[in-house]
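K.L.:
Below is the structure I would like to discuss, written out as structure tokens.
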Amino acid sequence: MPVEGLSINLATVRQQWDMRQAVDACLAQGITAIAPWRDQVAKIGLDEAARLVANNDLKVTGLCRGGMFPAADPAGRAAAIDDNKRAIDEACTLRADCLVLVVGGLPETSRDIVHAREMVADGIAAILPHARAAGMPLAIEPLHPMYAADRACVNTLAQALDICELLGDGVGVAIDVYHVWWDPDLARQIARAGAMGRILAHHICDWLVPTRDLLLDRGMMGDGVIDLKGIRAMIEAAGFHGHQEVEIFSAENWWKRPGEEVLATCVERFRTVC
Numbered sequence: 001m002p003v004e005g006l007s008i009n010l011a012t013v014r015q016q017w018d019m020r021q022a023v024d025a026c027l028a029q030g031i032t033a034i035a036p037w038r039d040q041v042a043k044i045g046l047d048e049a050a051r052l053v054a055n056n057d058l059k060v061t062g063l064c065r066g067g068m069f070p071a072a073d074p075a076g077r078a079a080a081i082d083d084n085k086r087a088i089d090e091a092c093t094l095r096a097d098c099l100v101l102v103v104g105g106l107p108e109t110s111r112d113i114v115h116a117r118e119m120v121a122d123g124i125a126a127i128l129p130h131a132r133a134a135g136m137p138l139a140i141e142p143l144h145p146m147y148a149a150d151r152a153c154v155n156t157l158a159q160a161l162d163i164c165e166l167l168g169d170g171v172g173v174a175i176d177v178y179h180v181w182w183d184p185d186l187a188r189q190i191a192r193a194g195a196m197g198r199i200l201a202h203h204i205c206d207w208l209v210p211t212r213d214l215l216l217d218r219g220m221m222g223d224g225v226i227d228l229k230g231i232r233a234m235i236e237a238a239g240f241h242g243h244q245e246v247e248i249f250s251a252e253n254w255w256k257r258p259g260e261e262v263l264a265t266c267v268e269r270f271r272t273v274c
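For the sequence shown, our numbering assigns the number 1 to the initial residue and increments by one for each residue that follows.
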């Protein structure tokens, strides 16, 4: 039976399968929505990835990832803009709902996070005409503050929505519970995002206590401390009723288990704790 409302971000099984194998395994579990990463697409080729999507009538809830805008010099910033335009085209070829942006942290040797955030806004502004012309929404994903220096200097939903307000149509947010669950202003900002019509994606996993690795020890839903049902209720009250996308990086646990077990557990937890 199809598992309605569940998407699998293919990072969740990236150590077990390539994109082609992951699609087959998802279909065997009744999962018909996925979110691939650009390296997974490149490994089998964009044309082949697009055929997989079309031939299996898959929903692509997002392509990961664009972003990484801040750079130490104009050439680096220009290269990031060019790469993001390519990512927009890839997302269109895959008929993705959005291109997810992990915006980037501080340029090498910099301590100026304010300027880094300005470079992020400028970078998104530079690619936005291309995205609008292609009809591809851009989803800013705020990351937990522990990643502010190296991965994303946009760390709260409020910061992401401020950029959306600054730039106008075509930019929204991806709300990943791993990154925002702790935010005391979360309820108000989810409501704000809904009122603006900016919620483009909803990513789920769990925060383990203790967390052994801040990047590669995400938990399966229900194994940690995130109020998944509560956040889902806020997101749905704000008007977003799209898929919940499981995205788990787990070097010492889920990436070491058989892929079929991982997907079956995702389905079971989606039905019981999300």
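By construction, the Cβ of each residue, glycine as well, lies at the ideal position given by its N, Cα and C atoms.
Could you tell me which residues DSSP puts in a beta bridge with G172?
P.N.:
Residue 172 sits at position 172 when you count from the first residue of the sequence shown. Note: G172 sits in a beta bridge opposite A139.
K.L.:
For R14, count neighbouring C-beta atoms within 10 Å of its own C-beta (all shown protein chains included) and say buried if the count is 16 or more, exposed if not.
P.N.:
The count along the sequence shown starts at 1 and reaches residue 14 at position 14. With at least 16 other beta carbons inside 10 angstroms of its own, R14 counts as buried.
K.L.:
Does the Cβ of D122 have 16 or more other Cβ atoms within 10 Å, making it buried, or fewer, making it exposed?
P.N.:
Reading the sequence shown from its first residue, position 122 is the one you call residue 122. Classification for D122: exposed.
K.L.:
Below 6 Å CB to CB, which residues in the same chain sit around C92 once its five sequence neighbours on both sides are set aside?
P.N.:
As a working mapping, residue 92 is identified with position 92 in the sequence shown. Correct list, in chain order: A134 and M136.
K.L.:
Which residue's Cα is closest to the Cα of L10: Q40, G30, R198 and M1?
P.N.:
The count along the sequence shown starts at 1 and reaches residue 10 at position 10. Measuring from the Cα of L10, the nearest candidate turns out to be Q40.
K.L.:
For the alpha helix (DSSP H) holding V120, just list the boundary residues, first then last.
P.N.:
For this step, residue 120 is matched to residue 120 along the sequence shown. Note, V120: alpha helix (DSSP H), I113 to A134.
K.L.:
At 4 residues or longer, and completely inside the stretch 6-86: list those alpha helix (DSSP H) runs for me, N to C.
P.N.:
19-28, 38-44 and 46-55
K.L.:
If V60 and A35 are in contact, beta carbons under 8 Å, what's the gap, nearest whole angstrom?
P.N.:
By one-based count along the sequence shown, residue 60 stands at place 60. By one-based count along the sequence shown, residue 35 stands at place 35. Right, their Cβ atoms sit about 7 Å apart.
K.L.:
Would G105 and A149 be called neighbours here (beta carbons separated by less than 8 Å)?
P.N.:
One-based indexing of the sequence shown puts residue 105 at position 105. One-based indexing of the sequence shown puts residue 149 at position 149. Yes, the pair counts as a contact, with Cβ atoms nearer than the cut-off.
K.L.:
For R20, I'd like the list of residues in its chain whose CB is within less than 8 Å of its CB, leaving aside the five on either flank, ordered along the chain.
P.N.:
What you label residue 20 is simply residue 20 of the sequence shown in a count that begins at 1. I44, E48 and L52.
K.L.:
Going by DSSP, which residues form a beta bridge with I199?
P.N.:
The sequence position of residue 199 within the sequence shown is 199, counting from 1. I199 pairs with V173.
K.L.:
Between the Cα of I248 and the Cα atoms of V3, G219, A233 and D227, which residue gives the shortest distance?
P.N.:
Counting from 1 along the sequence shown, the entry for residue 248 is found at position 248. With distances taken between Cα atoms, I248 lies closest to G219.
K.L.:
Considering just the uninterrupted stretch of the alpha helix (DSSP H) at L228, what are its terminal residues?
P.N.:
Locating residue 228 in the sequence shown gives position 228, where the first residue counts as 1. For L228, the uninterrupted alpha helix (DSSP H) segment begins and ends at L228 to A237.
K.L.:
Return the bridge partner residues of L166 from the DSSP annotation.
P.N.:
Numbered from its first residue, the sequence shown carries residue 166 at position 166. Beta-bridge pairing links L166 to no other residue.
K.L.:
Can the beta-carbon of L263 be found closer than 8 Å to that of C64?
P.N.:
What you label residue 263 is simply residue 263 of the sequence shown in a count that begins at 1. What you label residue 64 is simply residue 64 of the sequence shown in a count that begins at 1. Going by C-beta atoms, L263 is not nearer than 8 Å to C64.
K.L.:
Three-state secondary structure (DSSP) at V267?
P.N.:
In the sequence shown, counting from the first residue as 1, residue 267 sits at position 267. Residue state, collapsed to three classes: helix.
K.L.:
Counting only the same chain and skipping the five closest in sequence on each side, list residues whose C-beta sits under 8 Å from that of G197.
P.N.:
By 1-based counting over the sequence shown, the position of residue 197 is 197. Only G172 and G239 meet the Cβ criterion.
K.L.:
Mind the definition here: the stretch 201-209 touches the stretch 150-167 only if three or more C-beta pairs lie below 8 Å; say whether that holds.
P.N.:
no
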